[in-house]
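These notes are about the structure you will find just below.
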DNA sequence: AGAAATAAGTCAACACAATTGACCTAATAA
DNA sequence: TTATTAGGTCAATTGTGTTGACTTATTTCT
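This is the structure:
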């Protein structure tokens, strides 16, 4: 009678899926190449001129693309390049960090339009949620003041916070991140803002940012090594952000540094937390960023000694990432002060030899990405944009609607 | 004038892409669920009854599915379940190992129809290629003798060999694997057989096998830890095999076991190579498999001491894999003799705590997959089947045709 | 028994989106 | 001036999933 066992199957697709994909492919092509004519797009996407023409007409009507002046290039009718209209869409990003929260508004091409931050009250999520919702409201109002129709073109809210998610807390937790994990954040944000909300960990958010406006643009295989209070990896695999079965992929900070003996998590050694400890400064102090940056600029010996240690672990991490993910490049990004990040990059050479040593290599094995305390918030904001406009398998299928 | 810089864009799709995807979804659903009625398929794939009906009619005509007897279940018209026809498609798999080569023929559902192996001449690829082509010919003839029309239904040839690919050789290489890497294997096989050919490393092949007929069936996020002469990981990420930018993803054997001091590659400690060394036996001896299996069965002390050491490294590996990939499960598979594999699995407990410790867990964190010296060859054969019939993003796009 | 309800599956008309091939336009090269 | 080339449009066509009414076969209710 009742067949209990549910049927597992992938979703099918139909015309709308096809159409949605092709529209996304256009937007993606324009994002990566700046401005392209209809004929260019047809060649690049392998669609017919006519199809491209129809889609571009639609996108133009919707205000997502616009024609530039015709350009003559050689023989034949001049081409009319189209480019993305930044004001075509907006998204809001939210970063929840240990002692503060940041909100940011970006447009279709990743320009930051407005931003705001606030301290998180130390008494946990239920009070903190109010602060957050107010912060989002503020950014939303500012955005509305800056551009007309912003509300109509708001595609969603992206949130980022330290992971891992859905796992029992371990050890000390002065900033109540564990409490935040249990708090029904997404529901609160969704009902409080009326927007669609998704959650990423901070490394994933950084990778999303690097993919939209940073060093991972146009790359289908890249790993962002995020050095923040902890350390994590944001994974761009096969052209999409990879989150794993539970949204926890890339938690390299938990990787143990030796199989036998007394293994230490990478996080305990290579992270800003370890730097703060090494320098004996209070991570909650709002001045740490500037302080560390200046120490790095003047090559302070204590920073140098930390860098020497950390670089060994980072070399190991890069080698590990290359061995396991075989990416086109590894990008150092995240909340580390810029001067520190530069010192680290310099100190990384020479990289240990790995399968990434290839003759056909055109991109550096390891490079510096964004070093901006707002990178995570930016990535959080980039997520809804990416969800709405980037080509992806999921977007074609019926169950995505 | 000449705009040098090429335009980068993803491919668009059209009706044929839609259709191709939906057909694959049907086959996939039948593979995972055994037998389903048209109505079941419609519900599971979110397509309409009519669409499913049309596709099933086609598939039936093509001999890929067949109706079973109608079953009455509760009220309403009895349903007619359809199942895959094993003889609907065949593929040939080829394993090139250090001193021998294996060929195998499988059908649509992964049944092994015939197999053969041969020693690889020690004088390198150009002579070896002849041996291989003869071996494939033999398997192909045997297959043709076993089932009618097999040639018409042959979807391709999959090859598997130890990786990594495209990297300068390192260290000693008694079996000339480096020479094999340089040899134009794919071209030789393609012209020699007239079939489409793809290459995987052995860990990836194992994962492909586990996905078609093993422990990874129906899982979208699984990692196969392949313990063979070396050690590697086959990655099933987001429902597809992930190969990285250069086909080298999952090379966990190269992971270094400690950041500072004198780091050792995992491969030097946890691999059958290390076991052979520990036991002081010649890995080229064709009797090693049986020998090791018997030693494991009688709990030989030398085996036990190796296991104790190896298990520490394997625990570390599983923890690392869980931290970086966040899979639903980790599967131990590959060419290790079964008794040894069982001993290893037993000795793995307790696993180190990791982000994989979740309350909502239904599958074991770590489990035993296939322990069959033919697993790699089977996976190699599974690849063309998977390519031809599994749903995938690439299969929808125009540039896949 | 008979009627109602329920579920599987089919039929024929339809809608949607990409394709096709002819055609127009605007530029450069001969 | 004319031929050639490239961008782009027009209108008809094709392929594929959808829709809603209908048929068939079975169980459940009265």
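Protein chains in written order, with the UniProt record's numbering: chain S, 1 to 401; chain B, 1 to 401. Yeah, the Cβ is synthetic: ideal placement off N, Cα and C, and Gly gets one too.
Check: DSSP-derived helix/strand/coil call for residue 325 (chain B); Outcome: helix
Check: Partners in chain S for residue 29 (chain B), counting only beta-carbon separations shorter than 8 Å; Outcome: 7, 8, 9 and 10
Check: Where residue 19 (chain B) falls: helix, strand or coil (DSSP); Outcome: helix
Check: heavy atom of the ligand ZN below 7 Å from residue 391 (chain B) C-beta; Outcome: With respect to small molecules bound, the structure shown includes none, and the ligand ZN cannot be examined in it.
Check: Buried versus exposed call for residue 291 (chain S) [16 or more other C-beta atoms within 10 Å across all chains shown]; Outcome: exposed
Check: Residue from S:29, S:166, S:330 and S:307 with nearest C-alpha to residue 83 (chain S); Outcome: S:29
Check: Straight-line Cα distance separating residue 207 (chain S) from residue 358 (chain B); Outcome: 26 Å
Check: Amino acids of chain B, ordered along the chain, whose beta-carbon sits closer than 7 Å to that of residue 312 (chain S); Outcome: 259 and 260
Check: Contacts of residue 201 (chain B) in chain S (Cβ-Cβ under 7 Å); Outcome: Under the 7 Å cutoff, chain S gives no residues; its nearest Cβ is about 11 Å from residue 201 (chain B).
Check: Per-residue DSSP class, three states only, for residue 158 (chain S); Outcome: strand
Check: Where the beta strand (DSSP E) containing residue 293 (chain S) begins and where it ends; Outcome: Residue 293 (chain S) -> not in any beta strand (DSSP E); alpha helix (DSSP H) instead, spanning 288-297.
Check: Pair within 8 Å by beta-carbon distance, residue 18 (chain B) and residue 397 (chain B); Outcome: no
Check: In DSSP terms, what residue 224 (chain B) is bridged to; Outcome: B:234 and B:331
Check: Positions along the stretch 237-258 of chain S whose CB lies within less than 9 Å of some CB in chain B; Outcome: 237, 238, 239, 240, 242, 243, 244, 245, 246, 247, 248, 249, 250, 251, 252, 253, 254, 255, 256, 257 and 258
Check: Beta carbon proximity, residue 374 (chain S) to chain B, threshold 8 Å; Outcome: no
Check: Residue 293 (chain S) versus residue 340 (chain S) - alpha carbon distance; Outcome: 6 Å
Check: Contacts around residue 89 (chain S), its chain only, beta-carbon distance under 6 Å, and the 5 residues preceding and following it disregarded; Outcome: 108, 153 and 155
Check: Exposure label - residue 394 (chain S); buried when at least 16 CB within 10 Å; Outcome: exposed
Check: Exposure of residue 95 (chain B), with buried meaning 16 or more beta-carbon neighbours within 10 Å; Outcome: buried
Check: Span of the beta strand (DSSP E) around residue 82 (chain S); Outcome: 82-84
Check: Simplified DSSP state of residue 103 (chain S), which is helix, strand or coil; Outcome: strand
Check: Residue 3 (chain B) versus residue 36 (chain S): straight-line alpha-carbon distance, rounded; Outcome: Low confidence applies here, because residue 3 (chain B) scores a pLDDT of 47, under 50, leaving its location unreliable and the question unanswered by this model.
Check: Three-way DSSP call (helix, strand, coil) for residue 61 (chain S) in this model; Outcome: helix
Check: Short CB-CB distance (under 8 Å) between residue 21 (chain B) and chain S; Outcome: yes
Check: Residue 229 (chain B), DSSP secondary structure in three states; Outcome: coil
Check: Sequence-distant residues of its chain with Cβ nearer than 8 Å to residue 402 (chain B) (five each side left out); Outcome: What is shown of chain B runs 1 to 401, which leaves residue 402 (chain B) out entirely.
Check: Residue 42 (chain B) versus residue 138 (chain S) - alpha carbon distance; Outcome: 46 Å
Check: C-beta contact flag for residue 157 (chain S) and residue 92 (chain S) at 8 Å; Outcome: yes
Check: For residue 369 (chain B), three-class secondary structure by DSSP; Outcome: strand
Check: CA nearest to the CA of residue 325 (chain B), picked from B:235, B:70 and B:98; Outcome: B:235
Check: Straight-line Cα distance separating residue 315 (chain B) from residue 202 (chain B); Outcome: 21 Å
Check: Residue 282 (chain B) and residue 46 (chain S) closer than 8 Å at C-beta; Outcome: no
Check: Beta carbon proximity, residue 357 (chain S) to chain B, threshold 8 Å; Outcome: yes
Check: Min CB distance residue 344 (chain S) to chain B below 8 Å; Outcome: no
Check: Sufficient close CB pairs (3 or more, under 8 Å) joining the stretch 182-201 of chain S to the stretch 371-386 of chain B; Outcome: no
Check: Ranges of the beta strand (DSSP E) found wholly within the stretch 239-322 of chain B, counting only runs of at least 3; Outcome: 240-242
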